[in-house]
Amino acid sequence: MLGYILRRLLQVIPVFFGATLLIYFMVFAMPGDPILGLFANRTPAPQVVEALRAQYNLDKPFIVQYFLYVAGIFRGDLGTTFSGQSVAEVLARTLPVTGRLAVMAIAIEFTLAIIIGTVSALRKGKLFDNVSLVIALLFVALPIFVACFLAQYFIAIQLGWFRPTVGAQNNWGDLWLPALVLGFSLFATSMRLMRGSVIDTLNQDWVRTAYSKGLPRHRVIPVHVLRNSLIPVITNSATNFGVLLVGATVTEGIFNIPGVGNTLYQAVIRGEGPTVVSFVTVFVIIYVLVNLVIDLLYGFLDPRIRYVK
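Mapping of the sequence shown onto full-length UniProt numbering: residues 1 to 309, in sequence order.
Rendered as structure tokens:
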């Protein structure tokens, strides 16, 4: 187990350099001059432009910029935005907001997927199963921006259950509406995975053996069926969690959430290489660690899974 964890942690090194180099290159290759973009329609003095380029190392070749940035990371310096703010401060301000939104959305998605998927599998071919599959298909087909606008209009404005936008007030209670939209938009895929996994598990020999030993249904379903059916749903939910951490840009924009998505989008538009690459670097590390935890959880859910030394 320890050797497996160490190997997975060592995989972070090439992923780290590969991801940062690729993203830095993509930002560097974007057309336009980010320094001139700071002045909009105004024409700055050449001396000011050169000073700003030197300040942000934009006057150096690409590979030199990249190694200076990586050296800064190992010193604990994630860089500075074009507005003069520390990238670490921006990340510390926006990541908790997106983190709360992601946790709430995944909790809603996971709960709905487990309950509806299991019941649908146990009632395969019946009314509940057919209705659930149709509703899941509707949520899969519905674009996220349409779902956001519908939720804003009907749930927030017409019914008044939630505020239509979040803004500066972004505590747990203020994020319920966007979290519900994201959770319902994501649950359809997980529900279908859960349904298929439960149906497959119900046909396994150990389930028939459990019934043949006289175990009651309320014991077989949660212990022998549900536990062994969770792996594909957990994998999908973990992937969704990583995607949401990068920022649900559309949802954050519609609900005016000051999270990672909006900040990262604005940084891409302005060509702020250090901001974009620093955000991506942190998320790559988080994503790898989340997947490591999920891999270790597999062994708990399914005793047949063993980690080779």
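Glycine residues also receive a C-beta, built at the ideal position from the N, C-alpha and C atoms.
Just so we're clear, the structure is a prediction, and the values are computed from it rather than from any experiment.
Item to check | Segment contact flag, the stretch 230-237 with the stretch 93-113, C-beta cutoff 8 Å, min 3 pairs | outcome: As far as the Cβ criterion goes, the stretch 230-237 touches the stretch 93-113, which means the pair count is three or higher.
Next on the checklist: Buried or exposed, going by whether 16 or more other CB atoms sit within 10 Å of the CB of Glu-252?
Outcome noted: By the 10 Å Cβ count, Glu-252 comes out buried.
Next on the checklist: Among Leu-138, Val-134 and Leu-22, whose alpha-carbon lies nearest the alpha-carbon of Val-276?
Outcome noted: For Val-276, the nearest C-alpha among the options comes from Leu-22.
Item to check | Exposure label - Glu-272; buried when at least 16 CB within 10 Å | outcome: Using a 10 angstroms sphere on the CB of Glu-272, the tally of other CB atoms reaches 16 or more, which defines it as buried.
Item to check | Which listed residue (Val-207, Ala-267, Asp-59 and Ala-19) has its alpha carbon closest to that of Leu-226 | outcome: Nearest C-alpha to Leu-226: Val-207.
Item to check | From Phe-110, Tyr-24 and Leu-186, residue whose alpha carbon lies closest to that of Pro-61 | outcome: Ranking Phe-110, Tyr-24 and Leu-186 by Cα distance to Pro-61 puts Tyr-24 first.
Checklist entry - Any idea what DSSP makes of Thr-249, helix, strand or coil? => result In the structure shown, Thr-249 sits in a helix (DSSP, three-state: H, G or I).
Next on the checklist: Using C-beta distances below 7 Å, list every residue in its chain close to Ala-156, excluding the 5 sequence neighbours before and after it, in chain order.
Outcome noted: Counting only Cβ-Cβ distances below 7 Å, and skipping sequence neighbours, we find Phe-162, Arg-163, Pro-164 and Leu-177.
Item to check | CA-to-CA distance, Ser-120 to Phe-128, given in whole angstroms | outcome: In a straight line, the C-alpha of Phe-128 is about 6 Å away from that of Ser-120.
Checklist entry - Tell me the DSSP bridge mates of Ser-185? => result DSSP lists no partner for Ser-185.
Next on the checklist: According to DSSP, simplified to helix, strand and coil, what is Ser-86?
Outcome noted: Of the three classes helix, strand and coil, the one that applies to Ser-86 here is strand, per DSSP.
Checklist entry - In angstroms, rounded to a whole number, what distance separates the CA positions of Leu-58 and Leu-10? => result Approximately 32 Å between the Cα atoms of the pair.
Next on the checklist: Does Asp-174 pass the burial test, meaning 16 or more other C-beta atoms within 10 Å, or should it be called exposed?
Outcome noted: Under this definition Asp-174 is a buried residue.
Next on the checklist: Threshold first: 4 residues or longer. Then list the alpha helix (DSSP H) segments lying entirely within the stretch 203-271, N to C.
Outcome noted: If we require 4 residues or more, the alpha helix (DSSP H) runs fully inside the stretch 203-271 come out as 205-212, 217-220, 231-246, 249-254 and 260-270.
Item to check | Exposure of Asn-203, with buried meaning 16 or more beta-carbon neighbours within 10 Å | outcome: Result: exposed.
Checklist entry - In the DSSP assignment, what residue or residues form a beta bridge with Thr-80? => result Note: Thr-80 sits in a beta bridge opposite Ser-86.
Item to check | Simplified DSSP assignment, three categories, for Arg-163 | outcome: Assigned with DSSP and collapsed to three states, Arg-163 falls in coil, not helix or strand.
Item to check | Residue span of the alpha helix (DSSP H) that contains residue 318, given as start and end | outcome: Absent from the model: residue 318. The displayed extent of the chain is 1 to 309, so no value can be given.
Next on the checklist: Give me the residue from Val-90, Phe-255 and Ala-188 with the minimum Cα distance to Leu-145.
Outcome noted: Looking at the sequence itself, residue 145 is Phe, so the reference to Leu does not match. Cα-wise, what sits closest to Phe-145 is Phe-255.
Checklist entry - Given a threshold of 16 other Cβ atoms within 10 Å of its Cβ, counted over all protein chains shown, does Thr-201 qualify as buried or as exposed? => result Result: buried.
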